[in-house]
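Trainee: Using numbering that gives the first Met the number 0, you'd call the opening residue of the sequence shown number 0 and step up by one each time. Encoded as structure tokens, here's the structure I'll be asking about.
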Amino acid sequence: MSALIYQTDSLYDVNKWRQDFPILNESVHGMRLAYLDNAATTQKPKAVIDAITNYYTHDNANVHRAVHMLSSRATKAYENARIQAQRFLNAKSKSEIVFVRGATEAINLVAQTFVRSKVMAGDEILISGLEHHSNIVPWQLICDELGVKLKVIPIADNGDLELDKIDELITSRTRFLAVTHVSNALGTIVPISELITKAHQRNIPVLIDGAQAAPHINIDVQALEPDFYVFSGHKVYGPTGIGVLYAKLEHLESMPPWQGGGDMILSVTFEKTTYNEPPYKFEAGTPDIAGAIGLGAALKYVRSIGIEQIHKYETSLLEYATQELQKVAGLRIVGTSVNKAAIISFVLDDVHPHDIATIIDQAGVAIRSGHHCAQPIMDRYCLPATARASLALYNTHEEIDRLVTAVVEARKVFG
């Protein structure tokens, strides 16, 4: 069976893809690294590393503020990264792409500029039970300060949202919907098109947290029509500390700035400041130039392979990992939606997930254990934590075999 399964790897350019990631040559505890913690952060291809190195080696200068050659080259590379993000999301205009530190900052920006001005005491903001803390806490801050009520779409036992509850949850006081595209803790892919349609029928703006979707599935904001879509660079093979806020241009034009400083202005006097046009109105100060350039290289890399190709391969990995892990006595997968990205959370008898992850690490396999910044999901299943294996384009069926063998060993040690 294994030989047949491994033929799946050969149907794709997995070995070629793996060669693009230098860190995969690392050894951990004397074993070749098998990195299965991609929902936390992905590894970086040489194209990204080279793009960052090239900027600091040849083009290091500030952007938008000088006419000398280095600044011109840096600005061109920075703005090209914005175009790569536009293409990645299929946005209408590069003016709809704002560079931020990540999905967390993007959500906070929308909360503090767009939503704050549209809610008052007694209004409601709707989120889902699948959210990462980054798509919960910013809304709680608004609710606590302004007397707004936070309402939550519940989760079914298999990890799907209970969409039949939507109509009763949306009321005349609902002012905003913020929902994840893919759950980082369960892997559930949310039918966001349906949610966006339902919200827009009531004139409710929508933000989609795409941090976990961006590496796995095609995103077309013109087809989906969210008002806002956010993702982090480090989840999609780019650097940490950089991300993207997509927003419809009409919103960016009407939203007030979030931070003040250089580059978000057209003119400043002591009496009045005239703000820059979007997206620069929201990019105060010297940006993470190298991070944006690295992100642009990452998005170009993903597009060169093809997100559909990546999704098909990762689906084969997910199916195999699910099949093999279910053979382990005492193991239970948490989150069994039929529509999942390549993320598997599981528990094992009475073995604490941290102990599972520690034993697995000794085998050179990196997974995550804990609440995954999604404590309400853990509460939903009455669990303190889960172990989580999350897959990427460079993982293999052989690495999944190593994971399963290590899980069996953990059960022996602690069972």
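Backbone N, C-alpha and C define an ideal beta-carbon position, used for all residues, glycine too.
Take every Cβ of the segment 110-125, pair it with every Cβ of the segment 148-157, and state whether three or more of those distances are shorter than 8 Å.
Mentor: yes
Trainee: Is the CB-CB distance between Ala73 and Val62 below 9 Å?
Mentor: Numbered from its first residue, the sequence shown carries residue 73 at position 74. Numbered from its first residue, the sequence shown carries residue 62 at position 63. A contact, by the Cβ cut-off of 9 Å.
Trainee: Buried or exposed: which applies to Tyr54, given that a residue is buried once 16 or more other Cβ atoms fall within 10 Å of its Cβ?
Mentor: As a position in the sequence shown, residue 54 is number 55, starting the count at 1. It is buried - the Cβ of Tyr54 has at least 16 other Cβ atoms within 10 Å.
Trainee: Are the Cβ atoms of Leu185 and Val13 separated by less than 9 Å?
Mentor: Along the sequence shown, one-based indexing puts residue 185 at 186. Along the sequence shown, one-based indexing puts residue 13 at 14. No, they are not a contact pair.
Trainee: Quick one: residues in its chain with C-beta nearer than 7 Å to the C-beta of Glu282, no 5 flanking neighbours on either side, listed in chain order?
Mentor: The sequence position of residue 282 within the sequence shown is 283, counting from 1. Hits under 7 Å: Val97, Phe98, Asp262 and Met263.
Trainee: In three-state terms, what does DSSP make of Arg172?
Mentor: Residue 172 sits at position 173 when you count from the first residue of the sequence shown. Coil at Arg172, not helix or strand.
Trainee: Does the segment 268-285 come close enough to the segment 224-234 that 3 or more CB-CB pairs lie under 8 Å?
Mentor: no
Trainee: Note down the Cα distance separating Leu244 from Ala328, rounded to an integer number of angstroms.
Mentor: As a position in the sequence shown, residue 244 is number 245, starting the count at 1. As a position in the sequence shown, residue 328 is number 329, starting the count at 1. Taking the straight line from one Cα to the other gives about 44 Å.
Trainee: Please report how far the alpha carbon of Ser133 lies from the alpha carbon of Asp208, in whole angstroms.
Mentor: Start at 1 with the first residue of the sequence shown, and residue 133 comes out as number 134. Start at 1 with the first residue of the sequence shown, and residue 208 comes out as number 209. One C-alpha to the other measures close to 9 Å.
Trainee: Would you check if the distance between the CB atom of Asp8 and the CB atom of Glu397 is smaller than 9 Å?
Mentor: Reading the sequence shown from its first residue, position 9 is the one you call residue 8. Reading the sequence shown from its first residue, position 398 is the one you call residue 397. Cβ distance < 9 Å, so Asp8 and Glu397 count as in contact.
Trainee: Could you check if Met68 is buried or exposed, using at least 16 other CB atoms within 10 Å of its CB as the buried criterion?
Mentor: Against the sequence shown, residue 68 aligns to sequence position 69. Classification for Met68: exposed.
Trainee: Could you give the C-beta distance for Ala362 and Ala405, rounded to a whole number, given that I count them as a contact under 8 Å?
Mentor: Residue numbering aside, residue 362 sits at position 363 when the sequence shown is read from its first letter. Residue numbering aside, residue 405 sits at position 406 when the sequence shown is read from its first letter. About 4 Å separates the two Cβ atoms, so the contact holds.
Trainee: In the DSSP assignment, the beta strand (DSSP E) including Ser389 goes from what residue to what residue?
Mentor: Sequence index remark: in the sequence shown, residue 389 carries index 390 (1-based). Unbroken beta strand (DSSP E) run through Ser389: Thr385 to Ser389.
Trainee: State the Cα-Cα distance for the pair Leu330 and Ile376, rounded to the nearest angstrom.
Mentor: Residue 330 sits at position 331 when you count from the first residue of the sequence shown. Residue 376 sits at position 377 when you count from the first residue of the sequence shown. Taking the straight line from one Cα to the other gives about 19 Å.
Trainee: Quick check: what's the CA-CA separation for Val235 versus Leu382?
Mentor: Here residue 235 refers to the residue found at position 236 when the sequence shown is read from its first residue. Here residue 382 refers to the residue found at position 383 when the sequence shown is read from its first residue. One C-alpha to the other measures close to 29 Å.
Trainee: Going by alpha carbons, who is nearest to Gln325 out of Pro44, Asp348, Ile306 and Glu313?
Mentor: As a first step, residue 325 must be located in the sequence shown, where it is residue number 326. Gln325 has its Cα closest to that of Asp348, out of Pro44, Asp348, Ile306 and Glu313.
Trainee: Please name the residue in Ser389, Asp400 and Ile154 whose C-alpha comes closest to that of Thr41.
Mentor: Counting from 1 along the sequence shown, the entry for residue 41 is found at position 42. Nearest of Ser389, Asp400 and Ile154 to Thr41, Cα basis: Ser389.
Trainee: What does DSSP give as the partner residue(s) for Leu206 in the beta ladder?
Mentor: Here residue 206 refers to the residue found at position 207 when the sequence shown is read from its first residue. Per DSSP, Ala177 and Phe227.
Trainee: Determine the direct distance from the alpha carbon of Tyr319 to that of Asp226, and round the result to whole angstroms.
Mentor: Reading the sequence shown from its first residue, position 227 is the one you call residue 226. Reading the sequence shown from its first residue, position 320 is the one you call residue 319. Their Cα atoms are separated by approximately 36 Å.
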